[in-house]
Amino acid sequence: MIRTIKTEEVTKNIREMCIEANHYLSRDMDNALKKAADSEQAPLGKKILCQLQENLIIAGEDMIPICQDTGMAVIFAEIGQEVHFDGMLLEEALNEGVRQGYREGFLRKSVVKDPILRENTKDNTPAVIHYSMVEGDKVKLTLAPKGFGSENMSRIFMLKPADGIEGVKQAILTTVEDAGPNACPPMVVGVGIGGTFEKCALLAKQALTRSVEEHSQIPYVKDLEEEMLRKINCLGIGPGGLGGTTTALAVNINTYPTHIAGLPVAVNICCHVNRHVVRVI
Amino acid sequence: MDKHIATPITAEVTKELHAGDYVYISGTIYVARDAAHKRFMEVLDKAEEQFVPEQQNEAGRNKLADVLPFPLENAAVYYMGPSPAREGRPIGSAGPTTASRMDKYAPRLLDLGQKAMIGKGKRTQAVIDAIVRNQAVYFAAVGGAGALLSKCIKKSDLVCYGDLGAEAVLKLEVEDFPVVVVIDCEGNNLYETAVKKYAQET
Numbered sequence: 007m008i009r010t011i012k013t014e015e016v017t018k019n020i021r022e023m024c025i026e027a028n029h030y031l032s033r034d035m036d037n038a039l040k041k042a043a044d045s046e047q048a049p050l051g052k053k054i055l056c057q058l059q060e061n062l063i064i065a066g067e068d069m070i071p072i073c074q075d076t077g078m079a080v081i082f083a084e085i086g087q088e089v090h091f092d093g094m095l096l097e098e099a100l101n102e103g104v105r106q107g108y109r110e111g112f113l114r115k116s117v118v119k120d121p122i123l124r125e126n127t128k129d130n131t132p133a134v135i136h137y138s139m140v141e142g143d144k145v146k147l148t149l150a151p152k153g154f155g156s157e158n159m160s161r162i163f164m165l166k167p168a169d170g171i172e173g174v175k176q177a178i179l180t181t182v183e184d185a186g187p188n189a190c191p192p193m194v195v196g197v198g199i200g201g202t203f204e205k206c207a208l209l210a211k212q213a214l215t216r217s218v219e220e221h222s223q224i225p226y227v228k229d230l231e232e233e234m235l236r237k238i239n240c241l242g243i244g245p246g247g248l249g250g251t252t253t254a255l256a257v258n259i260n261t262y263p264t265h266i267a268g269l270p271v272a273v274n275i276c277c278h279v280n281r282h283v284v285r286v287i
Numbered sequence: 033m034d035k036h037i038a039t040p041i042t043a044e045v046t047k048e049l050h051a052g053d054y055v056y057i058s059g060t061i062y063v064a065r066d067a068a069h070k071r072f073m074e075v076l077d078k079a080e081e082q083f084v085p086e087q088q089n090e091a092g093r094n095k096l097a098d099v100l101p102f103p104l105e106n107a108a109v110y111y112m113g114p115s116p117a118r119e120g121r122p123i124g125s126a127g128p129t130t131a132s133r134m135d136k137y138a139p140r141l142l143d144l145g146q147k148a149m150i151g152k153g154k155r156t157q158a159v160i161d162a163i164v165r166n167q168a169v170y171f172a173a174v175g176g177a178g179a180l181l182s183k184c185i186k187k188s189d190l191v192c193y194g195d196l197g198a199e200a201v202l203k204l205e206v207e208d209f210p211v212v213v214v215i216d217c218e219g220n221n222l223y224e225t226a227v228k229k230y231a232q233e234t
């Protein structure tokens with residue numbers, strides 16, 4: 007049965023999600039930050055983690071964005087095959103939601119119209135939108151505003167199959183080490199392995215929207231996530247990059263089939279303000 | 033060590049600051065980031081064509097510094113672009129941005145009298161050399177703590193370049209604004225020393 011969804015419903019939800027994501031972290035991120043504040047060994051690192059707790063409380067109570075970089079809006083729209091949209095073009099409806107959310111939520115407009123000419127669009131549009139078709143008659147929207155302090159420190163590596171899992175580990179560690187204090191640690195590290203050049207980058211971005219409390223279902227990937235988190239936290243970078251034992255809160259890895267000749271790896275770094283809100287319409 | 037300092041930040045102040053010190057700043061600081069710095073350079077380039085280079089201003093600096101939109105001598109510049117203020121508040125979320133994007137511009141401004149930079153993240157050797165040469169200081173504020181930091185900002189006024197939106201130049205009055213000394217006037221770099229201290233073999 008075809009189900010009709012009014013696109014104004016999509017706009018309304020995206021508007022609310024923009025405001026929610028920039029003022030409240032998801033429960034898993036909140037828990038991870040609390041745990042980190044307890045376990046951090048460096049006194050200065052601990053102090054910074056406590057300030058991040060305080061920052062979250064102020065953000066929620068006084069409605070001040072958690073971070074002034076309220077990001078470029080990344081939207082994953084998983085559309086059920088039985089859905090029919092009524093109203094404006096879906097892409098316009100999503101962007102209108104971003105426009106309204108960033109205006110009404112007093113969020114920073116950080117998008118420029120052209121990467122070279124650099125004129126601000128003044129409404130934080132367009133969003134970066136990834137569509138996929140899925141089973142069913144619902145639409146699942148994931149909104150992940152992405153700040154660029156950490157986005158700038160992300161990397162893609164086109165490894166050779168012979169580089170194997172050791173090559174992947176090295177790629178992750180190198181990226182985190184180079185990012186250091188610039189990416190506002192403690193970070194969340196999203197990794198994509200496999201696919202093509204662009205697919206592995208998308209996998210890495212999707213990995214960042216996964217809960218930081220859950221591991222991959224694939225046994226060797228779960229082991230890799232745990233091992234990399236341990237190794238990253240031995241780098242010494244610490245909260246704010248000022249030294250300590252909490253450099254990352256989680257390493258989330260997504261994989262996909264790839265070509266016989268390749269081993270693409272993307273490492274998408276996110277700061278401790280790893281924002282994502284999910285709604286199903 | 034915790035220290036309280038007031039602006040302007042003179043060489044007498046910076047020589048007492050050491051990498052790793054936790055510092056609370058009170059007084060006036062100026063906000064400028066990428067696009068504003070680019071304009072500062074254009075203003076300076078233009079002025080350089082008109083002035084005799086050795087002309088000095090009242091502070092004994094190269095007169096060029098006077099063409100900038102705020103008094104640069106002993107100034108602290110905060111690399112930041114706030115979110116819009118809600119009604120009745122001086123500013124929105126107001127945490128630091130990545131300082132390395134200003135590395136290209138910082139040495140020239142330090143040589144013209146700027147004394148302190150507030151941001152986050154690594155700096156180039158050229159900036160570190162300029163810090164030492166000018167007895168300046170680089171502070172880091174906690175990245176991603178924009179709501180907390182906004183509470184320390186009591187007043188915000190537009191200085192210029194309002195057309196740049198979030199990248200405009202602002203004059204802030206701050207009270208006990210918390211920062212950490214990352215690079216001190218002797219060139220000690222906390223990012224390097226602290227990371228080594230907590231790095232472990234795996």
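Heads up: the sequence lines are chains A and B, in that order. Numbering-wise, our numbering puts 38 at position 32 of the first sequence, and it's gapless, one number per residue. Numbering-wise, our numbering puts 107 at position 75 of the second sequence, and it's gapless, one number per residue. Glycine included, each C-beta is placed from N, C-alpha and C at the ideal position. Just so you know, these numbers come straight off a predicted model, no measurement behind them.
Bounding residues of the alpha helix (DSSP H) (the contiguous stretch that carries residue i)
{"i": "A/Phe154", "result": "Phe154 to Glu157"}
{"i": "A/Phe203", "result": "Phe203 to Leu214"}
{"i": "B/Phe72", "result": "Asp66 to Gln82"}
{"i": "B/Tyr223", "result": "Leu222 to Tyr230"}
{"i": "B/Thr60", "result": "Counting along the chain, B/Thr60 falls outside any alpha helix (DSSP H), though it belongs to the beta strand (DSSP E) covering Tyr54 to Val63."}
Residue i, enclosing beta strand (DSSP E) - first and last residue
{"i": "A/Tyr262", "result": "Ala254 to Thr264"}
{"i": "B/Ser115", "result": "Counting along the chain, B/Ser115 falls outside any beta strand (DSSP E), and DSSP gives it neither H nor E."}
{"i": "B/Phe209", "result": "Val201 to Ile215"}
{"i": "A/Gly86", "result": "Met78 to Gly86"}
{"i": "B/Asp34", "result": "Asp34 to Ala38"}
{"i": "B/Gly151", "result": "Ala148 to Gly151"}
{"i": "A/Asn274", "result": "Leu269 to Cys276"}
{"i": "A/Met164", "result": "Arg161 to Leu165"}
Rounded Cβ spacing between residue i and residue j (contact assumed at less than 8 Å)
{"i": "A/Gly249", "j": "B/Ala226", "result": "3 Å"}
{"i": "B/Phe72", "j": "B/Tyr137", "result": "7 Å"}
{"i": "A/Thr13", "j": "A/Asp92", "result": "7 Å"}
{"i": "B/Thr234", "j": "A/Lys175", "result": "Wrong, their Cβ atoms sit about 10 Å apart, outside the cutoff."}
{"i": "A/Pro151", "j": "A/Arg281", "result": "5 Å"}
{"i": "A/Val279", "j": "B/Gly219", "result": "About 32 Å; that fails the 8 Å criterion."}
{"i": "A/Val195", "j": "A/Ala38", "result": "That belief does not hold up - the Cβ atoms of A/Val195 and A/Ala38 are roughly 13 Å apart, past 8 Å."}
Alpha-carbon to alpha-carbon, residue j and residue i
{"i": "A/His221", "j": "A/Glu233", "result": "12 Å"}
{"i": "B/Glu105", "j": "B/Asp77", "result": "19 Å"}
{"i": "B/Arg133", "j": "B/Asp66", "result": "7 Å"}
{"i": "A/Asn101", "j": "A/Ile224", "result": "35 Å"}
{"i": "B/Gly92", "j": "A/Met78", "result": "45 Å"}
{"i": "A/Glu22", "j": "A/Ala210", "result": "25 Å"}
{"i": "A/Val271", "j": "A/Phe82", "result": "21 Å"}
{"i": "A/Asn28", "j": "B/Ala179", "result": "11 Å"}
{"i": "A/Val273", "j": "B/Phe83", "result": "49 Å"}
{"i": "A/Gly244", "j": "B/Glu199", "result": "29 Å"}
{"i": "B/Pro210", "j": "B/Ile57", "result": "7 Å"}
{"i": "B/Arg121", "j": "A/Asn239", "result": "39 Å"}
{"i": "A/Ser138", "j": "A/Gln106", "result": "24 Å"}
{"i": "A/Ser32", "j": "B/Asp216", "result": "38 Å"}
{"i": "A/Gly111", "j": "A/Cys277", "result": "21 Å"}
{"i": "A/Met94", "j": "A/Thr148", "result": "20 Å"}
{"i": "A/Met7", "j": "A/Glu88", "result": "6 Å"}
{"i": "A/Asp34", "j": "A/Lys40", "result": "10 Å"}
{"i": "B/Ile163", "j": "B/Asp135", "result": "12 Å"}
{"i": "A/Arg216", "j": "A/Asp129", "result": "28 Å"}
{"i": "A/Leu50", "j": "B/Asp34", "result": "11 Å"}
{"i": "B/Glu90", "j": "B/Asp98", "result": "10 Å"}
{"i": "B/Leu196", "j": "A/His136", "result": "30 Å"}
{"i": "A/Ala267", "j": "A/Ala177", "result": "18 Å"}
{"i": "B/Arg140", "j": "A/Ile171", "result": "46 Å"}
Whether residue i touches residue j by CB criterion (8 Å)
{"i": "B/Ile41", "j": "B/Lys147", "result": "yes"}
{"i": "B/Ser115", "j": "A/Pro71", "result": "yes"}
{"i": "A/Asp75", "j": "A/Ser116", "result": "yes"}
{"i": "B/Val212", "j": "B/Tyr62", "result": "no"}
{"i": "A/Gly247", "j": "B/Val174", "result": "no"}
{"i": "A/Cys24", "j": "A/Gly86", "result": "no"}
{"i": "A/Thr131", "j": "A/Ile275", "result": "no"}
{"i": "B/Leu142", "j": "B/Leu96", "result": "no"}
{"i": "A/Pro167", "j": "A/Leu230", "result": "no"}
{"i": "A/Met193", "j": "A/Ala254", "result": "yes"}
{"i": "A/Thr10", "j": "A/Ala99", "result": "no"}
{"i": "A/Ala42", "j": "A/Leu55", "result": "yes"}
{"i": "B/Pro101", "j": "B/Val201", "result": "yes"}
{"i": "B/Leu222", "j": "B/Ala51", "result": "yes"}
{"i": "B/Thr60", "j": "B/Thr46", "result": "no"}
{"i": "B/Ala43", "j": "B/Gln167", "result": "yes"}
{"i": "A/Gly242", "j": "B/Tyr230", "result": "yes"}
Three or more C-beta pairs under 8 Å: does that hold for the segment 198-210 of chain B against the segment 109-116 of chain B? yes
Determine contact between the segment 190-210 of chain A and the segment 250-259 of chain A, defined as no fewer than three beta-carbon pairs at a distance below 8 Å. With the rule of 3 Cβ pairs closer than 8 Å, the segment 190-210 of chain A counts as touching the segment 250-259 of chain A.
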